[in-house]
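Mapped onto my numbering, the consecutive letters of the sequence shown carry residue numbers 32 to 270.
Backbone N, C-alpha and C fix where the C-beta goes; we use that ideal spot for every residue, glycine too.
Here's the structure, in structure tokens; my notes come after.
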Amino acid sequence: MSLLQLNELTKEYRRGGRTFNAVDRASLSVEPGDFINIIGRSGSGKSTLLNMSAGLIKPTQGTVFFNGNDIYQWNDTEISLFRNEKIGYVLQGLSLLSNFTVLENVCMPWFLFKRETEPGEPLPQERAQVLLEKTGIPHLSASYPKELSGGEMRRVAIARSLINNPALLIADEPTSDLDAETTAEIMQLLSAIAKEGTAVLIVTHELDTLSYGKKTYAMNSGHLTLHLQGQYTTTLNGD
Ligand SMILES: Nc1ncnc2c1ncn2[C@@H]1O[C@H](COP(=O)(O)OP(=O)(O)O)[C@@H](O)[C@H]1O
Ligand SMILES: [Mg+2]
Numbered sequence: 032m033s034l035l036q037l038n039e040l041t042k043e044y045r046r047g048g049r050t051f052n053a054v055d056r057a058s059l060s061v062e063p064g065d066f067i068n069i070i071g072r073s074g075s076g077k078s079t080l081l082n083m084s085a086g087l088i089k090p091t092q093g094t095v096f097f098n099g100n101d102i103y104q105w106n107d108t109e110i111s112l113f114r115n116e117k118i119g120y121v122l123q124g125l126s127l128l129s130n131f132t133v134l135e136n137v138c139m140p141w142f143l144f145k146r147e148t149e150p151g152e153p154l155p156q157e158r159a160q161v162l163l164e165k166t167g168i169p170h171l172s173a174s175y176p177k178e179l180s181g182g183e184m185r186r187v188a189i190a191r192s193l194i195n196n197p198a199l200l201i202a203d204e205p206t207s208d209l210d211a212e213t214t215a216e217i218m219q220l221l222s223a224i225a226k227e228g229t230a231v232l233i234v235t236h237e238l239d240t241l242s243y244g245k246k247t248y249a250m251n252s253g254h255l256t257l258h259l260q261g262q263y264t265t266t267l268n269g270d
């Protein structure tokens, strides 16, 4: 049984009186500790696929199984709980709340999910600080998002996605707008997270992240195909 299994997922949209399939019978499975890349051009259906995988958009056809459960058989409350408990989601673009500190941003999904700390359990602020260390920015906990660089904001978003100990981390173009060096650092961070057992599923329109994942799929006008398989040690820079 896979952690996440997408079976022939289709999302049909209507625009200008015409319907089209933003995602067309896409199938994919993700196992614990996997690091899977999906590449594809803008508009090819990548975010739609991720949103269907995370319980955010109901597919027109096809099924999403998480740990053997068909998630779209659940009611809205059950899906919300599933999302908050099992999935860490690094959204495309800027997603931090500007009136809250870095530490408060990282804690946010914890308060949405649990609110109470059990005896012996670390406080969410303590957990958040550990995650900021892991993502390389422990010194920024009291800063506000507007004081951060693009790469630092991505690190905060990744730390925030991990606060509820998700089984699956989904990241939508986590390195867009970043320079090559910062991109490599973020990809290494995501790779380290996968090695610790959290499955990582990322989409990107850039090729320079390819060397990381264990498996790469390509999305082309809603069609998902296996592009590369295996662990790649080379990068496009040739080193
Ligand atoms: N809610 C919607 N209604 C109609 N069309 C949409 C909607 N959301 C996305 N699309 C269209 O579906 C296609 C795929 O979008 P998206 O999944 O965001 O692509 P990507 O993430 O690969 O850039 C695009 O043509 C987009 O314009
Ligand atoms: Mg997108």
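Asked: If you follow the beta strand (DSSP E) that residue 255 is in, where does it begin and where does it stop?; Found: 254 to 260
Asked: Check whether the Cβ of residue 71 sits closer than 7 angstroms to any heavy atom of ligand 1, and report yes or no.; Found: yes
Asked: Check for me: the beta strand (DSSP E) holding residue 53 runs from which residue to which?; Found: 49 to 61
Asked: Using 8 angstroms as the threshold, is the C-beta distance between residue 202 and residue 168 below it?; Found: no
Asked: Given a cut-off of 8 angstroms, decide if residue 133 and residue 194 are closer than it, judged by their beta-carbon atoms.; Found: no
Asked: Restricting to runs no shorter than 3 residues, where is the beta strand (DSSP E) found entirely within the region 138 to 225?; Found: 199 to 203
Asked: Under the criterion of a Cβ to heavy atom distance below 7 angstroms, does residue 74 qualify as lining ligand 1?; Found: yes
Asked: Count the other C-beta atoms from every protein chain shown that fall within 10 angstroms of the C-beta of residue 130, then say buried if there are 16 or more, exposed otherwise.; Found: exposed
Asked: Give the single residue among 57, 73, 75 and 74 whose Cα lies nearest to the Cα of residue 84.; Found: 57
Asked: Could you give the DSSP three-state label for residue 227: helix, strand or coil?; Found: coil
Asked: For residue 95 versus residue 76, is the C-beta distance shorter than 8 angstroms?; Found: no
Asked: So if DSSP puts residue 120 in a beta bridge, which residue, or which two residues, is it bridged to?; Found: 201
Asked: Using DSSP with H/G/I as helix, E/B as strand and the rest coil, what is residue 101?; Found: strand
Asked: What did DSSP end up calling residue 110 once you bin it into helix, strand or coil?; Found: helix
Asked: Whose CB is closer than 6 angstroms to a heavy atom of ligand 2? List the residues in chain order.; Found: 77, 78, 123 and 203
Asked: Quick one, are the C-beta atoms of residue 228 and residue 64 less than 8 angstroms apart?; Found: yes
Asked: Using 10 angstroms around the beta-carbon of residue 50, count the other beta-carbons present and answer buried if the total reaches 16, otherwise exposed.; Found: exposed
Asked: What residue from 87, 124 and 66 has the CA that sits closest to residue 107's CA?; Found: 87
Asked: According to the Cβ coordinates, are residue 243 and residue 59 closer than 8 angstroms?; Found: no
Asked: Residue 45: which of 61, 91 and 36 sits nearest, CA to CA?; Found: 91
Asked: Within 10 angstroms of the Cβ of residue 42, are there 16 or more other Cβ atoms? Answer buried if so, exposed if not.; Found: buried
Asked: To the nearest angstrom, how far is the alpha carbon of residue 159 from that of residue 115?; Found: 16 angstroms
Asked: Which residues in the same chain have their Cβ closer than 6 angstroms to the Cβ of residue 250, if we skip the five residues on either side of it in sequence?; Found: 69, 71, 75, 76 and 77
Asked: If you follow the alpha helix (DSSP H) that residue 40 is part of, which residue opens it and which one closes it?; Found: Not the alpha helix (DSSP H): residue 40 falls in the beta strand (DSSP E), residues 35 to 46.
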